[in-house]
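>
Residue numbers (UniProt numbering): 1 to 599.
1) Going by other Cβ atoms of all chains shown within 10 Å of its Cβ, with 16 needed for buried, is residue 415 buried or exposed?
2) Spatial neighbours of residue 558 within its chain, please: CB distance less than 6 Å, with the 5 preceding and 5 following residues excluded, ordered by chain position.
3) With residue 278 and residue 199 assumed to form a contact (beta carbons below 8 Å), what rounded beta-carbon distance in angstroms separates them?
4) Alpha carbon to alpha carbon, what distance is there between residue 586 and residue 466?
5) With distance defined between alpha-carbon atoms, name the residue in 251, 375, 229 and 409 nearest to residue 317.
6) How long is the line joining the alpha carbons of residue 127 and residue 82, rounded to whole angstroms?
7) Measure the C-alpha to C-alpha separation of residue 299 and residue 211 and round it to an integer number of angstroms.
8) Can you tell me which of 63, 276, 420 and 247 puts its alpha carbon nearest to the alpha carbon of residue 220?
9) How long is the line joining the alpha carbons of residue 455 and residue 417, rounded to whole angstroms?
10) Using only the alpha-carbon positions, how far apart do residue 41 and residue 495 sit?
11) Count the CB pairs spanning the stretch 201-210 and the stretch 301-316 that are closer than 8 Å, and state whether there are at least three.
12) Quick one: is residue 194 buried, meaning 16 or more other Cβ sit within 10 Å of its Cβ, or exposed?
13) In angstroms, rounded to a whole number, what distance separates the CA positions of residue 30 and residue 305?
14) Output needed for residue 401: all residues of its chain with C-beta closer than 6 Å, excluding positions within five of it in sequence on either side, in chain order.
15) Is the distance from the Cβ of residue 553 to the Cβ of residue 560 below 8 Å?
16) Hey, quick one: how far does the beta strand (DSSP E) through residue 68 stretch, first residue to last?
17) Ignore the nearest five residues each way along the sequence and tell me which others in residue 284's own chain have a CB closer than 6 Å to its CB.
18) Counting only the same chain and skipping the five closest in sequence on each side, list residues whose C-beta sits under 6 Å from that of residue 426.
19) Compare the C-alpha of residue 333 against each of 227, 245, 385 and 237 and name the closest.
20) May I have the straight-line CA-CA distance separating residue 246 from residue 434, to the nearest angstrom?
21) Mapping DSSP to helix, strand and coil, what is residue 485?
22) Does residue 87 come out as helix, strand or coil in the three-state DSSP assignment?
23) Around the Cβ of residue 512, are there at least 16 other Cβ atoms within 10 angstroms (buried) or fewer (exposed)?
24) Is the beta carbon of residue 375 closer than 8 Å to that of residue 638?
25) Please report how far the alpha carbon of residue 406 lies from the alpha carbon of residue 227, in whole angstroms.
26) Among the residues of its own chain, which have a CB less than 8 Å from the CB of residue 388, if the five just before and after it don't count?
27) Is residue 512 helix, strand or coil when you go by DSSP?
28) Short of 8 Å in beta carbon distance, which residues of its chain neighbour residue 355, apart from the five on each side in sequence? Order them along the chain.
29) What's the C-alpha gap between residue 390 and residue 485?
30) Taking residue 471 as the reference, which of 567, 96, 191 and 393 has the closest Cα?
31) Quick check: what's the CA-CA separation for residue 48 versus residue 152?
32) Among 473, 442 and 421, which one has its Cα closest to the Cα of residue 451?
33) Helix, strand or coil for residue 575, going by three-state DSSP, please let me know.
34) Taking the alpha-carbon positions, what's the residue 543 to residue 159 distance?
35) So, under 8 Å CB-CB, residue 665 and residue 145 are touching, yes? Tell me the CB distance rounded to an integer number of Å.
36) With DSSP as the reference, please indicate the residues paired to residue 168 in a beta bridge.
Right, dumping it as structure tokens:
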């Protein structure tokens with residue numbers, strides 16, 4: 001399912017980008033440009049601005065292994081930007097953990113910010129430039145489009161195939177050096193095709209400031225990892241040459257190795273690491289548990305619980321590799337020549353020449369992704385090693401996480417969506433017609449339902465089976481302590497999903513970088529949400545364990561409450577569970593997948 005979702009989302013955003021721009025320039029009409037209305041909305045409401053890098057003051061931080069580090073500092077937080085954690089010889093190489101000679105380094109910026117080449121100073125070219133992984137440079141604006149609210153964006157730091165594996169660290173400026181603080185490590189989402197730790201919504205300063213305010217100091221880390229082809233291109237001949245599959249997942253492991261080795265010098269405790277992942281980053285976080293050596297002590301998964309985003313078959317990955325060779329002009333070379341030709345490709349050439357319809361996703365590799373996750377496997381408790389060093393998880397969802405599917409094509413299918421969804425469900429449940437009727441009635445969907453209400457019903461069904469059910473299943477099946485939450489605050493910003501609890505809103509709340517754009521109640525809810533995660537990071541229970549009580553924390557109307565199960569379950573969700581007891585959640589998810597991928 002999710003590989004095709006990823007492809008559709010990419011195509012939707014491409015149409016939004018290209019056809020919308022064409023129409024906006026006057027070379028096309030709205031009727032000729034399917035993405036025009038959304039792009040016009042973006043132009044009118046998301047005017048990306050450039051922050052000319054209002055520099056914090058700099059300070060010299062003494063690290064016992066790295067040496068003197070030039071860092072950015074405010075009164076209460078020190079930030080280390082663009083710390084390289086791994087070395088690469090070329091864009092699909094195996095990542096190697098960096099070693100230091102003790103001579104120190106500069107870590108004060110993601111990259112240069114000047115708008116024009118004439119504005120770039122020599123010092124900016126030689127000091128602390130940290131390119132990013134190879135991905136769409138417009139990705140930051142596209143995620144702002146999904147969030148429905150932009151933030152000021154610095155100039156893009158550029159891309160590199162070899163100098164891109166870096167991380168950012170933010171730490172309290174005034175904590176005792178004798179005190180080892182717990183650490184959070186954030187893994188961004190983006191369907192394994194987009195995302196970066198330099199994006200303003202992921203800035204770490206405010207979450208550290210809130211930890212100080214709460215009296216529960218912590219250190220925050222955000223990582224880059226390879227995406228798309230650099231992260232997930234694989235083939236039998238590449239593996240025979242020694243290049244691992246799922247390089248993006250291996251990057252994440254190496255980043256954790258870096259944190260465990262070097263974080264003590266920043267004041268952190270390597271034995272108290274909580275990894276937080278959102279969407280595809282949440283899936284990545286869950287897969288860290290397959291490695292005893294690199295597994296964190298705790299994880300927080302935001303809207304990305306298994307079996308979401310299942311791995312791609314090796315045969316499909318092989319086909320994608322052949323397609324890549326063809327589009328890059330290397331298909332007629334010998335295997336050794338192909339590897340050499342690929343390794344010499346510049347990032348710009350890779351972005352320009354690679355067929356945009358090719359999919360590069362994690363594959364089954366008996367290591368980072370040892371099996372295909374299903375609801376059945378999760379519920380049988382075979383998806384997580386019983387001896388995992390990870391002792392606790394905090395996992396959650398938003399009631400309208402399926403907004404991401406709306407942006408990936410369902411908005412364009414709203415006319416007549418009730419009738420088409422009813423037809424698909426009845427066809428899929430042909431052996432259980434009574435269950436089909438029960439589901440459709442629960443979600444208020446029929447051929448006579450008006451398009452707006454039918455669309456809402458379909459989106460809620462997709463959110464329940466695609467996000468809520470995975471979160472609940474994983475929380476109930478985890479062998480250690482688990483805490484479940486629902487973030488039910490409405491998106492307050494103008495856009496297609498204003499008033500919905502949308503996908504990625506959890507990130508906007510977590511890092512506090514949208515605080516000024518929230519009303520008082522939502523500010524309170526966002527602060528409570530982040531404070532609970534900080535409490536969890538400190539090894540404390542934010543509320544009752546899910547496996548003991550079956551309840552969850554709910555953020556709504558400016559407050560967090562604890563609600564017992566089953567009272568917290570909607571009537572719709574209870575019907576979904578009743579039906580799934582007969583046909584299985586995997587079957588229901590398959591029916592949704594079939595509908596989403598149908599034209």
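Heads up, the beta-carbon is just placed ideally off N, CA and C, and yes, glycines get one too. Fair warning: this is a prediction, and the values are worked out from it, not measured in the lab.
Concretely, from the data shown:
1) exposed
2) 521, 524 and 525
3) Not quite, the Cβ-Cβ distance comes to about 12 Å (not below 8 Å), so this is no contact.
4) 10 Å
5) 229
6) Residue confidence for residue 127 is low, a pLDDT of 46 falling below 50, so the modelled location carries little weight and cannot support an answer.
7) 18 Å
8) 276
9) 6 Å
10) Residue placement at residue 41 is poorly supported in this model, since its pLDDT is 47, which falls under 50; the coordinates still yield a value, given next. Each residue's Cα considered, the two are about 7 Å apart.
11) no
12) buried
13) Reliability of the predicted coordinates at residue 30 is poor, the pLDDT of 32 falling under 50, and the value obtained from them is presented with this limitation in mind. Taking the straight line from one Cα to the other gives about 38 Å.
14) 303, 463, 467 and 503
15) yes
16) 67-73
17) 187, 252 and 277
18) 436
19) 237
20) 43 Å
21) strand
22) strand
23) buried
24) This structure cannot speak to residue 638, because the chain is shown only from 1 to 599.
25) 23 Å
26) 289, 292, 295, 479 and 480
27) coil
28) 323, 324, 326 and 327
29) 19 Å
30) 393
31) Low per-residue confidence applies at residue 48: pLDDT is 44, beneath 50, and the placement is therefore not dependable, though the value from the model is reported in the following sentence. Roughly 6 Å separates the two Cα atoms.
32) 421
33) helix
34) 43 Å
35) Coverage of the chain is limited to positions 1 through 599, which leaves residue 665 absent and any answer about it impossible.
36) 222
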